[in-house]
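Numbering (my numbering), first residue to last: 551 to 841.
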């Protein structure tokens with residue numbers, strides 16, 4: 551055998567050995583057990599060191615949080631009712647750092663609706679808690695004298711330019727105030743953007759976050775809470791939403807470290823024409839335990 555042939559055979563054997571080693575590493579990685587997640591019949595809000603991940607539903611901190619998986623039912627108490635059942639279950643994890651509390655909701659969704667238009671609705675989610683410590687309002691958005699607070703996230707609020715997203719070929723259509731001199735812009739903006747001038751909470755959300763905080767004492771009474779500190783973000787990937795809804799604990803007097811409260815959830819599926827009262831929701835309160 552020539553030296554060249556011996557070198558060629560040795561090189562081939564090394565290549566095969568390298569491929570075999572890489573294959574074994576890949577198999578070992580695939581067989582490595584994934585970290586187990588505690589499955590609970592209630593929501594446990596885990597205390598974390600540092601800050602809660604208010605805008606990252608895929609942050610490492612969520613991996614160590616126990617998970618609650620609960621059923622949802624169509625809203626069939628007040629019109630307009632949801633006639634066809636939709637999203638059957640929601641998975642929930644929760645964290646707090648002493649200053650902020652964050653809930654991560656996860657559910658399967660067939661479309662990931664992020665746009666609004668005629669007969670076109672956005673996916674959305676809500677987390678509901680009693681406003682007052684020790685209170686037990688109706689889980690159906692509270693009742694007179696027993697209010698609830700609701701964190702509400704809407705996927706469309708994460709779309710920076712709705713008109714451009716709906717009509718990507720439209721020509722530029724700037725508002726007149728955008729070309730105005732600085733000293734005149736504020737006054738013109740009130741004239742040409744009345745929703746902003748009226749502090750419409752659909753537009754005037756804290757720091758532009760896609761989450762707002764509201765309060766209700768019965769169906770149809772949802773009202774934005776002024777000067778609320780909220781945050782959050784949703785990520786749609788591989789047919790499911792993961793959404794963080796967060797708020798300052800100053801906005802949630804019923805949530806106290808080391809004590810228990812209650813929580814409920816609601817989801818809206820845009821492609822199924824869910825909007826307003828047409829939603830999937832918790833039929834009963836779910837026990838919540840703050841670490």
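Beta carbons: idealized from backbone N, C-alpha and C, even for Gly.
Neighbourhood of residue i by C-beta, 8 Å cutoff - its chain only, sequence neighbours within 5 removed
i           : result
residue 581 : Here the model assigns residue 581 a pLDDT of 48, short of 50, so the residue's position is not dependable, and the following value carries that caveat. The answer is none, since no qualifying residue turns up.
residue 769 : 627, 628, 690, 691, 827
residue 801 : 699, 763, 775, 778, 779, 780
residue 805 : 595, 646, 651, 679, 799, 811, 838, 840
residue 630 : 826, 827, 828
residue 714 : 720
DSSP state of residue i mapped onto helix, strand, coil
i           : result
residue 717 : coil
residue 742 : helix
residue 665 : coil
residue 581 : Here residue 581 scores only 48 on pLDDT, less than 50, and its place in the model should not be relied on; the value that follows carries that caveat. Note: residue 581 maps to helix in three-state DSSP.
residue 614 : helix
residue 630 : coil
residue 707 : helix
residue 838 : strand
residue 621 : strand
residue 576 : The predicted model places residue 576 with a pLDDT of 49, which falls under 50 and marks its position as unreliable; any figure quoted below should be read in that light. Three-state result, residue 576: helix.
residue 728 : helix
residue 691 : coil
residue 782 : strand
residue 842 : The first residue shown for the chain is 551 and the last is 841, placing residue 842 beyond what the model contains.
residue 756 : helix
residue 768 : coil
residue 674 : strand
Beta-carbon proximity of residue i to residue j, cut-off 8 Å
i           : j           : result
residue 817 : residue 830 : yes
residue 795 : residue 675 : yes
residue 655 : residue 712 : no
residue 643 : residue 807 : no
residue 703 : residue 784 : yes
residue 782 : residue 659 : no
residue 617 : residue 588 : yes
residue 622 : residue 832 : yes
residue 749 : residue 740 : no
Contact set for residue i: own chain, Cβ-Cβ below 6 Å, skip 5 residues either direction
i           : result
residue 661 : 821
residue 824 : 818
residue 786 : 662
residue 835 : 689, 812, 814
residue 707 : 760
residue 603 : 609, 611
residue 652 : 602, 604, 645, 794, 796
residue 722 : none
residue 755 : 762
residue 686 : none
residue 803 : 683
residue 735 : 727
From the options, residue whose alpha carbon lies closest to that of residue i
i           : options            : result
residue 694 : 746, 766, 641      : 766
residue 668 : 623, 711, 716      : 716
residue 772 : 700, 602, 684      : 700
residue 620 : 718, 593, 612, 644 : 593
residue 729 : 742, 720, 714      : 742
residue 670 : 705, 756, 604      : 705
residue 753 : 719, 710, 791      : 710
residue 624 : 684, 618, 634, 645 : 634
residue 682 : 640, 719, 696      : 696
residue 727 : 758, 737, 640, 614 : 737
residue 640 : 720, 590, 672      : 590
residue 673 : 792, 803, 809      : 792
residue 586 : 606, 607, 615      : 615
Own chain partners of residue i with C-beta closer than 7 Å, once the 5 adjacent residues on each side are dropped
i           : result
residue 600 : 647
residue 732 : none
residue 649 : 798, 799
residue 745 : 753
residue 809 : 840
Residue-level contact to chain B via CB, residue i, 8 Å cutoff
i           : result
residue 605 : In the displayed structure, chain B is absent; only one protein chain is listed.
Contiguous beta strand (DSSP E) assignments of at least 3 residues, all confined to the region 784 to 826: Listed in chain order, they are 790 to 798, 810 to 818.
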